[in-house]
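Asker: Under the working numbering, the letters of the sequence shown match residues 1351 to 1453, in that order.
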Amino acid sequence: MTKNNIKMLSALLMLCFLTACSSVTMRPYGGEKITTKPTYQSSKDYYWWGLRNKYQINTTEICQGRRVMQMQSVSTLSDWIFQTLTIGIYFPRTAKVWCEERP
């Protein structure tokens, strides 16, 4: 491979890494995706590409009797930076919960 090909391949790989995002969204009652600020947001620490550690989030406690309208697990920019710098050894994810609005 020539030096230019290596540079081009490196740039292409970096572009792929920079544009990658990951999220899982659950809406138990359906409807449109909620884009307002979540009721709860917390970063959770995982290790070895997400294979180590398990977390439970008590939505009953967070929403205090209100319905859970949306739950989401996302990889934020800061999460992605840590994942990349540690080559997946440290793998944080951010958990978000939206509760039903009070009347």
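Where is the CB? At the ideal position from N, CA and C, for every residue including glycine.
If Tyr1396 and Phe1441 are in contact, beta carbons under 8 Å, what's the gap, nearest whole angstrom?
Answerer: The sequence position of residue 1396 within the sequence shown is 46, counting from 1. The sequence position of residue 1441 within the sequence shown is 91, counting from 1. Sure, about 4 Å apart at Cβ, within 8 Å.
Asker: How would you label Lys1357, buried or exposed, when you count the other beta carbons within 10 angstroms and need 16 or more for buried?
Answerer: Residue mapping note: residue 1357 aligns to position 7 of the sequence shown, counting from 1. Exposed is the call here.
Asker: If you measure between the beta carbons of Ile1407 and Ala1445, is that distance less than 8 Å?
Answerer: By 1-based counting over the sequence shown, the position of residue 1407 is 57. By 1-based counting over the sequence shown, the position of residue 1445 is 95. Contact: yes.
Asker: Ends of the alpha helix (DSSP H) at Trp1430?
Answerer: As a first step, residue 1430 must be located in the sequence shown, where it is residue number 80. Residues 1427-1435.
Asker: Do you know whose CA, among Met1421, Lys1394, Thr1436, lies nearest Ile1384's CA?
Answerer: Taking the first residue of the sequence shown as position 1, residue 1384 is located at position 34. Selected option, being the one with the closest Cα: Met1421.
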